[in-house]
Amino acid sequence: MPQLSCGFFVSKSTFLKFVSGTLTLSSAYLGFRKGIMESKQRAVSRLIAQAGQMLLAHGAESTLVGDIMRRMGLASGMSEVEVSLSASSLVVTTVYKEHCITTARRSPDRGINMRVVTQIQRICIMMEKGILDHRLAQRKLNHISPERYNRWLVVVMIGLSCAAFSRLAGGDWMVFLITLSASSVGMIVRQEIGHRQFNPLINFAATAFVTSVISAQAVIYQLGNKPTIVMASSVLMLVPGFPLINAVADMLKGYINMGIARFVMASLLTLATALGIVAAMSITGIWGW
Numbered sequence: 009m010p011q012l013s014c015g016f017f018v019s020k021s022t023f024l025k026f027v028s029g030t031l032t033l034s035s036a037y038l039g040f041r042k043g044i045m046e047s048k049q050r051a052v053s054r055l056i057a058q059a060g061q062m063l064l065a066h067g068a069e070s071t072l073v074g075d076i077m078r079r080m081g082l083a084s085g086m087s088e089v090e091v092s093l094s095a096s097s098l099v100v101t102t103v104y105k106e107h108c109i110t111t112a113r114r115s116p117d118r119g120i121n122m123r124v125v126t127q128i129q130r131i132c133i134m135m136e137k138g139i140l141d142h143r144l145a146q147r148k149l150n151h152i153s154p155e156r157y158n159r160w161l162v163v164v165m166i167g168l169s170c171a172a173f174s175r176l177a178g179g180d181w182m183v184f185l186i187t188l189s190a191s192s193v194g195m196i197v198r199q200e201i202g203h204r205q206f207n208p209l210i211n212f213a214a215t216a217f218v219t220s221v222i223s224a225q226a227v228i229y230q231l232g233n234k235p236t237i238v239m240a241s242s243v244l245m246l247v248p249g250f251p252l253i254n255a256v257a258d259m260l261k262g263y264i265n266m267g268i269a270r271f272v273m274a275s276l277l278t279l280a281t282a283l284g285i286v287a288a289m290s291i292t293g294i295w296g297w
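Read left to right, the sequence shown gives residues 9 to 297 (our numbering).
Written out as structure tokens, the structure reads:
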């Protein structure tokens, strides 16, 4: 008969029940602890996947996307964070206490917005400094919204920027004013088409067509000292500079597939712009700048 440490004797069946109950409690505790760890890992995986999805959708460089996701995961206590990016999706794998979780997210294009990118970078820095845990970081991430400038302010600034190029190219004030008008109207067309969720290629082609038709009037009626400058300057707002820069940066830093995808998309936007300009030239009969 087993003897307890206090000197009392118990039956064998009672002792076995005691041991069985102890093992059951221990197993339940371990299962509860494992459940908590898995719950934390799932929450962290969702957090960094959402952050990467937002970064990729708003035009961040691929190196920055992968770096921010890894830093946020490590700051949350993960052992390893692996990220795989493609043009329209991402896959993230987290390892925590030898347990692995992989999640995938689609990342449709939401338009370039550096405010969103900056806010996510700030959240990452605060997590690394211990100011935020993964729960608070998730709340702040959910409250990020892509604020945009007033549409009429954008129209005016785009018009002034294109008109400034015409002035730098040697145009007089008449050329400046016509370029301002043509590019401003073109920007309004671009905003309206974009608001209706049309394909970006159609948007660029239609905007280039409308802008070129308006600016061609300067050549037809010989307005200004260099009317051909108007046609060249008014469509500069359609140059996909940001995607091209990101494409080159991605390829130089090892993200070849991402770089090629972005370069192809930028090239298609350029082709759509060229088709719109050629269509306008065909209608107006003005060939060449």
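Think of the CB as a built atom: it goes at the ideal place given N, C-alpha and C, for glycine as much as any other residue. All of these numbers come straight from a predicted model, not from anything done at the bench.
Starting from the Cα of residue i, find the closest Cα among the options and give me that residue.
i, options, result
"Glu46", "Gln146, Val243, Lys105, Ser220", "Lys105"
"Ile285", "Phe250, Val125, Ser241", "Ser241"
"Thr298", "Arg118, Arg114, Pro116, Met77", "Since the displayed the chain opens at 9 and closes at 297, residue 298 lies outside it and no answer follows."
"Lys340", "Ala83, Cys108, Phe173, Ser97", "Given a span of 9 to 297 for the chain in the structure shown, any question on residue 340 remains unanswerable."
"Met239", "Met80, Ile186, Gln205, Met86", "Ile186"
"Val73", "Gln58, Met86, Ser87, Gly85", "Gln58"
"Val218", "Thr281, Met86, Tyr263, Glu90", "Thr281"
"Val162", "Met289, Ala269, Met245", "Met245"
"Met122", "Met62, Ala224, Pro208", "Met62"
"Met8", "Ser96, Val100, Leu283", "Examination of residue 8 is not possible in this model, given that the chain is present from 9 through 297 alone."
"Ser96", "Thr110, Arg118, Pro154", "Arg118"
"Ala255", "Phe271, Asn265, Lys261", "Phe271"
"Leu283", "Gly232, Val52, Thr215, Ile139", "Thr215"
Output the distance between the C-alpha atoms of residue i and residue j, rounded to the nearest integer angstrom.
i, j, result
"Val125", "Leu144", "18 Å"
"Ala177", "Ile253", "24 Å"
"Pro248", "Arg113", "26 Å"
"Gly167", "Asp141", "45 Å"
"Ile237", "Arg159", "26 Å"
"Ser70", "Ser92", "10 Å"
"Ala36", "Leu55", "Annotation note: pLDDT 47 at Ala36 (below 50); position unreliable, coordinate value reported separately. Near 28 Å, if we compare the C-alpha coordinates of Leu55 and Ala36."
"Val243", "Ala226", "14 Å"
"Asp180", "Ala274", "32 Å"
"Thr292", "Ile222", "10 Å"
"Leu31", "Ile268", "Its pLDDT being 49, under 50, Leu31 is placed unreliably by the model, and the measurement read from it follows with that caveat. Computed Cα separation, rounded: 58 Å."
"Leu98", "Ser115", "7 Å"
"Glu88", "Lys48", "14 Å"
"Leu260", "Met266", "11 Å"
"Ser153", "Gly262", "30 Å"
"Arg156", "Glu200", "15 Å"
"Ile5", "His107", "Not covered by the structure: residue 5. The range shown for the chain is 9 to 297."
"Ala68", "Ala224", "37 Å"
"His7", "Val193", "Lying outside 9 to 297, the shown extent of the chain, residue 7 is not represented and no answer is given."
"Asn233", "Ala257", "40 Å"
"Ser94", "Ser290", "39 Å"
"Thr111", "Ile139", "26 Å"
"Glu90", "Pro235", "55 Å"
"Ser53", "Pro208", "32 Å"
"Phe40", "Pro251", "For Phe40, the predicted structure reports a pLDDT of 44, less than 50, and the residue's modelled location is therefore unreliable. The matter cannot be settled from this model."
"Leu279", "Gly60", "30 Å"
"Leu64", "Gln146", "17 Å"
"Asp75", "Ile264", "17 Å"
Can you check whether the CB of residue j is closer than 8 Å to the CB of residue i?
i, j, result
"Ile120", "His203", "no"
"Cys170", "Ser189", "no"
"Ile133", "Lys148", "no"
"Val164", "Ser174", "no"
"Ile135", "Met195", "The identity of residue 135 in the sequence shown is Met, whereas the question assumes Ile. No."
"Phe212", "Leu277", "yes"
"Ile228", "Ile294", "yes"
Give me the Cβ distance between residue i and residue j, rounded to the nearest whole Å; I'm assuming they're in contact under 8 Å.
i, j, result
"Arg50", "Ile109", "6 Å"
"Ala288", "Ser220", "3 Å"
Under 8 Å, Cβ to Cβ, is there at least one residue of chain C near residue i?
i, result
"Ser174", "Protein chains in the displayed structure number just one, and chain C is not present."
Tell me whether residue i, by its Cβ, gets closer than 7 Å to a heavy atom of the ligand ZN.
i, result
"Met195", "This structure simply doesn't include the ligand ZN, nor any ligand for that matter."
Please specify which runs of the alpha helix (DSSP H), each continuous and at least 4 residues long, are wholly inside the stretch 101 to 170, giving them in chain order. 122 to 136, 142 to 150
Please list the segments of the alpha helix (DSSP H) lying wholly inside the stretch 184 to 260, counting only runs of 4 or more residues, in order along the chain. 208 to 228, 236 to 241, 249 to 260
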